[in-house]
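Chains as they are written, first to last, in the numbering used here: chain S, 14 to 90; chain B, 14 to 90; chain H, 14 to 90; chain P, 14 to 90; chain A, 14 to 90; chain E, 14 to 90.
To start, the structure itself, in structure tokens.
6 protein chains.
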Amino acid sequence: METWLPTLMTQTPQAGYELAIKLSRMAVKLTQLDDEVRKKLRSTYAENADGLTLVAGVVARNFQTVAAANRYWRTET
Amino acid sequence: METWLPTLMTQTPQAGYELAIKLSRMAVKLTQLDDEVRKKLRSTYAENADGLTLVAGVVARNFQTVAAANRYWRTET
Amino acid sequence: METWLPTLMTQTPQAGYELAIKLSRMAVKLTQLDDEVRKKLRSTYAENADGLTLVAGVVARNFQTVAAANRYWRTET
Amino acid sequence: METWLPTLMTQTPQAGYELAIKLSRMAVKLTQLDDEVRKKLRSTYAENADGLTLVAGVVARNFQTVAAANRYWRTET
Amino acid sequence: METWLPTLMTQTPQAGYELAIKLSRMAVKLTQLDDEVRKKLRSTYAENADGLTLVAGVVARNFQTVAAANRYWRTET
Amino acid sequence: METWLPTLMTQTPQAGYELAIKLSRMAVKLTQLDDEVRKKLRSTYAENADGLTLVAGVVARNFQTVAAANRYWRTET
């Protein structure tokens with residue numbers, strides 16, 4: 014498998030948030046390998062209120078990890 | 014994409030809580046890009062008891078991150 | 014908006030637990046602004062076993078934050 | 014309200030686990046004040062597989078807090 | 014009640030994982046005291062995809078606690 | 014039982030993510046011992062949107078543990 018996660022470090026909190034989204038999607042990708050099935054399911058959860066909230070919960074958890082890894086991007090003096 | 018998360022630092026716990034809400038909403042926004050669909054779904058989960066509790070759970074998780082980033086706004090002497 | 018979260022510090026663990034409940038409710042309040050709708054939904058989840066367990070899960074998460082903020086109310090010598 | 018949570022400190026991990034169960038139940042108690050309703054609901058979730066797993070998840074979260082408060086009951090030399 | 018949790022310390026990560034499973038099961042056992050009911054429910058969630066995923070989530074949370082208690086079994090030099 | 018978790022340490026974040034997936038699957042394997050049943054259930058959750066999101070949530074939690082164990086693979090100078 015090619016390298017898709019070389020580091021948890023990011024320059025900014027926003028880039029860290031985008032990495033958290035990527036981490037959330039990779040779990041799905043590595044569980045359901047079929048691109049077509051994933052694509053079909055995507056339209057399901059993206060149009061379902063609780064489905065979207067569940068996704069937001071996974072992103073929040075991964076963002077906890079990324080933020081801690083980056084020491085919350087604190088700029089201490 | 015424009016900058017929407019320049020920092021996790023906030024002046025007060027309450028501002029931190031508002032940032033946690035923003036973080037929770039952005040995951041939904043970045044998953045379901047269609048404004049109209051999100052607007053329609055919003056009325057669904059906001060009028061559903063368990064849907065609202067799930068939302069509160071996501072906010073709680075993001076608030077953990079923001080609070081830790083701000084060292085819980087402790088004012089140590 | 015008025016100040017409702019001036020600090021995460023509390024005198025006792027029990028007061029911290031009450032703050033965790035307040036934090037959990039504010040997420041709901043800030044998502045569903047209509048008092049009447051919330052009141053109606055409240056009777057729904059408060060009489061539903063899994064709904065109550067979900068609420069307890071949100072409170073537990075917020076209590077983690079409040080307890081960490083207060084260094085677990087340890088009285089070290 | 015009377016004092017039900019004077020401290021998060023316990024003598025043993027097992028006593029800490031029992032406190033985690035107490036914390037989980039208090040959230041339910043403080044959300045649904047009616048003893049009769051809670052009693053009725055209890056029979057519902059205690060005989061439902063996913064309901065019990067959800068309860069176990071809440072206990073696990075509270076145990077994280079109690080265990081951290083007690084520095085995991087380590088006996089370091 | 015007899016002692017079932019004398020310590021969170023384990024010799025290896027794998028023994029820690031087994032303890033996390035034990036912690037997850039004890040919450041269920043202490044909520045549903047009837048052995049027969051638990052046995053019946055077990056066949057329910059063990060043959061249900063989402064039920065098993067929920068169980069895995071509880072184990073993951075308890076493993077976080079056990080792993081942190083053991084300082085992740087790091088062998089630092 | 015043979016050794017399947019000798020350590021939480023990995024060389025890279027990506028290897029840590031793969032370990033998080035392994036940890037998530039072992040909880041399922043140790044709860045449902047029958048290979049055939051698991052195989053059947055797998056096709057169920059892998060083709061269900063919310064089921065996949067739940068799986069992603071478990072992986073995220075285990076990744077938190079693995080990442081913390083590896084001090085987030087920081088290379089500090």
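In this text, a Cβ means the ideal position worked out from N, Cα and C, and glycines have one as well.
As the structure is a computational prediction, the values presented were derived from the model and not from experiment.
Could you tell me how far apart the beta carbons of alanine 40 of chain H and valine 68 of chain B are, in whole angstroms, since I believe they sit closer than 8 Å? 6 Å
Hey, is valine 45 of chain B's beta-carbon within less than 7 Å of any beta-carbon in chain S? According to the sequence provided, residue 45 of chain B is glutamine. The question's valine does not apply to it. Chain S, which has a Cβ nearer than 7 Å to the Cβ of glutamine 45 of chain B, makes this yes.
Where threonine 57 of chain H falls: helix, strand or coil (DSSP): helix
Using beta carbons (cut-off 7 Å, strictly below), is alanine 80 of chain P in contact with chain H? no
Exposed or buried, which one is arginine 74 of chain B when buried takes at least 16 other CB atoms within 10 Å? buried
Just to confirm, is the Cβ distance from threonine 86 of chain E to proline 19 of chain E under 7 Å? The question names threonine, yet the displayed sequence has tryptophan at residue 86 of chain E. For tryptophan 86 of chain E and proline 19 of chain E, no; Cβs fall outside 7 Å.
Using a 10 Å radius around the Cβ and a threshold of 16 neighbouring Cβ atoms, would you call threonine 57 of chain P buried or exposed? exposed
With a cut-off of 7 Å, does the C-beta of arginine 74 of chain E fall near any C-beta of chain A? yes
Mapping DSSP to helix, strand and coil, what is glutamine 5 of chain H? Here chain H has residues from 14 to 90 only, and residue 5 of chain H is not among them.
Closest by C-alpha distance to asparagine 83 of chain A, when choosing among A:Trp17, A:Thr16, A:Tyr30: A:Tyr30
Hey, how far is the Cα of leucine 65 of chain S from the Cα of glutamate 60 of chain E? 17 Å
Which one of S:Val71, S:Thr44, S:Val79, S:Thr88 has the shortest CA to CA distance from serine 37 of chain B? S:Val71
Can you tell me the Cα-Cα spacing of valine 79 of chain P and alanine 80 of chain A, whole angstroms? 15 Å
For glutamine 24 of chain H, does the count of other Cβ atoms within 10 angstroms reach 16, so buried, or fall short, so exposed? exposed
Quick one: using the 10 Å Cβ neighbour count with 16 as the cut-off for buried, is leucine 46 of chain B buried or exposed? exposed
Any beta carbon from chain P within less than 7 Å of valine 41 of chain H's own beta carbon? no
According to DSSP, simplified to helix, strand and coil, what is glutamate 31 of chain B? helix
So which residues on chain E does glutamine 77 of chain S lean against when the C-beta distance must stay under 8 Å? Gln77
Can you name the residues of chain A whose CB is closer than 7 Å to the CB of glutamine 27 of chain P? Thr16, Trp17, Leu18
Looking at the structure shown, is tryptophan 17 of chain E part of a helix, part of a strand, or coil, going by DSSP? coil
Are the CB atoms of alanine 62 of chain H and leucine 43 of chain P nearer to each other than 7 Å? no
Any idea what DSSP makes of threonine 25 of chain H, helix, strand or coil? coil
Alpha-carbon to alpha-carbon, methionine 14 of chain S and alanine 28 of chain E: 11 Å
Is tyrosine 30 of chain B close to chain S? Criterion is C-beta to C-beta, closer than 7 Å. no
Taking a cut of 8 Å between CB atoms, which residues from the stretch 52-66 of chain S lie near chain E? Leu54, Arg55, Thr57, Tyr58, Asn61, Asp63, Gly64
Using DSSP with H/G/I as helix, E/B as strand and the rest coil, what is leucine 67 of chain P? helix
Neighbour list for valine 68 of chain H in chain P, Cβ cutoff strictly below 8 Å: Ala40, Val41, Thr44
Could you name the residues of the same chain whose beta carbon sits closer than 8 Å to that of arginine 51 of chain S, not counting the 5 residues immediately before and after it, in chain order? Val41, Lys42, Gln45
Separation of threonine 88 of chain B from tyrosine 33 of chain S, as counted between CA atoms: A quick correction: the sequence has alanine, not tyrosine, at residue 33 of chain S. The straight-line gap from Cα to Cα measures roughly 30 Å.
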